[in-house]
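Numbering (our numbering), first residue to last: 58 to 343.
The structure under discussion appears below in the form of structure tokens.
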């Protein structure tokens, strides 16, 4: 059994500025909604979580009994701190990041996080929903539904073609909006709409029909692993938007890139490990 830990970057809002043609998203609204999944075998759950706890204790000074929020790892926190070290400006990361006092400490922290990828070799999949292209084409489908539909599809296809005999479950932290879309049947409806363009529908029985929603105050191992999904969703969004990862986190991206699922025909990450909606050509070559 593979467990796919899921987290997102951006918001699902498609709200536009009234009276503007062509339409524009409301200022401050994220251009992308990205859902990323970190897949591991159930037997790797304990050792990976314990590794991440050791990394945080060593590099962020995370002590028993301290607030978990003070040392939570997020992609945007890593970038804030890395830029702060370069510019000398104050960063907005949680208090635990004050332990990263110089570039050598940052390099060591990123190296340790990269080892989580290269040693445990999680299977990574991500879907990036381009909301600007959606509104330009008059598509009003919920980006959350699109992202989960693509994720379920690509997990199922990866299991069918590359991990025969395996099955999967998606795990995510509690998200009221996401849960409501599953409970209402909205996800299934959106997935059925998107299937109309497929030449062959994957075997969705390989993936549990809805995520297991975690209480991260109680699921202490799982909340550690979810941090990797946050990093993946953040970096994928940056790469799709800018054409390359942030220079400060390039080494972490290089550790992550070989772990993305590959398309069973093209052998490339794009189209399977990283899928985009609406589908489009990309200047990226991986």
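Beta carbons: idealized from backbone N, C-alpha and C, even for Gly.
Keep in mind that this is a model prediction, so the values were computed, not measured.
Say whether the region 181 to 196 touches the region 154 to 165, bearing in mind that this needs 3 or more beta-carbon pairs closer than 8 angstroms, one atom from each stretch. Verdict: no, contact absent.
Q) Using 8 angstroms as the Cβ pair cut-off and three pairs as the minimum, do the region 84 to 93 and the region 62 to 74 touch? A) With a cut-off of 8 angstroms, the region 62 to 74 and the region 84 to 93 count as touching, because enough Cβ pairs lie within range.
Q.
Using the three-state DSSP reduction, which class does residue 68 fall into: helix, strand or coil?
A. Annotated three-state conformation of residue 68 is coil, per DSSP.
Grab me the residues of residue 204's own chain with a C-beta within less than 7 angstroms of its C-beta, minus the 5 sequence neighbours each way, in chain order.
Same-chain partners within the cutoff: 90, 92, 184, 186.
Starting from residue 333, trace the beta strand (DSSP E) in both directions and tell me its first and last residue. In the DSSP assignment, residue 333 falls within the beta strand (DSSP E) that extends over 331 to 334.
- Are residue 248 and residue 206 touching if we call contact CB-CB under 9 angstroms? Cβ atoms of residue 248 and residue 206: closer than 9 angstroms.
Review point. Taking all protein chains shown into account, do 16 or more other C-beta atoms lie within 10 angstroms of the C-beta of residue 317, making it buried, or fewer, making it exposed?
Key: By the C-beta density criterion, residue 317 is buried, having at least 16 other C-beta atoms within 10 angstroms.
Fill in: Beta carbon of residue 135 nearer than 9 angstroms to that of residue 283
No, Cβ-Cβ distance for residue 135 and residue 283 is not below 9 angstroms.
Next on the checklist: List, from N- to C-terminal side, the alpha helix (DSSP H) runs of 4 residues or more that fit wholly inside the region 84 to 167.
Outcome noted: Qualifying alpha helix (DSSP H) stretches, in chain order: 102 to 116, 132 to 144.
Next item on the list: Please work out which residues of its chain come closer than 6 angstroms, Cβ to Cβ, to residue 344, disregarding the five sequence neighbours upstream and downstream, and give them in chain order.
Entry: Any property of residue 344 remains undetermined from this structure, which presents the chain solely from 58 to 343.
Check: Hey, out of 59, 76, 250, whose CA is closest to residue 198's CA?
Finding: Residue 198 has its Cα closest to that of 250, out of 59, 76, 250.
Please report the straight-line C-alpha distance between residue 107 and residue 170, rounded to a whole angstrom.
If you draw a straight line from the Cα of residue 107 to the Cα of residue 170, it is about 13 angstroms long.
Can you tell me whether residue 211 is helix, strand or coil according to DSSP?
In the structure shown, the three-state DSSP call for residue 211 is helix.
query = Terminal residues of the continuous alpha helix (DSSP H) containing residue 293?
reply = Residue 293 -> alpha helix (DSSP H) spans 277 to 299.
*Compute the distance between the beta-carbons of residue 285 and residue 109, then report whether it is under 9 angstroms.*
The answer is yes: Cβ separation under 9 angstroms.
Q) Helix or strand or just coil, what does DSSP make of residue 77? A) Correct three-state label for residue 77: coil.
Next item on the list: Classify residue 116 as buried or exposed, calling it buried when 16 or more other Cβ atoms lie within 10 Å of its own Cβ.
Entry: Residue 116 should be labelled buried.
- residue 329 and residue 211 look like a contact to me (Cβ under 8 angstroms); what is the Cβ gap, rounded to whole Å? Going by Cβ atoms, the distance from residue 329 to residue 211 rounds to 6 angstroms, so yes, they are a contact pair.
Using only the alpha-carbon positions, how far apart do residue 99 and residue 60 sit?
Between residue 99 and residue 60, the alpha-carbon positions lie close to 6 angstroms from each other.
Check this for me: beta carbons of residue 343 and residue 306, under 9 angstroms apart or not?
No, Cβ-Cβ distance for residue 343 and residue 306 is not below 9 angstroms.
Item checked: Closest Cα partner of residue 241 within the set 319, 160, 202 -> Considering only alpha carbons, the answer is 202.
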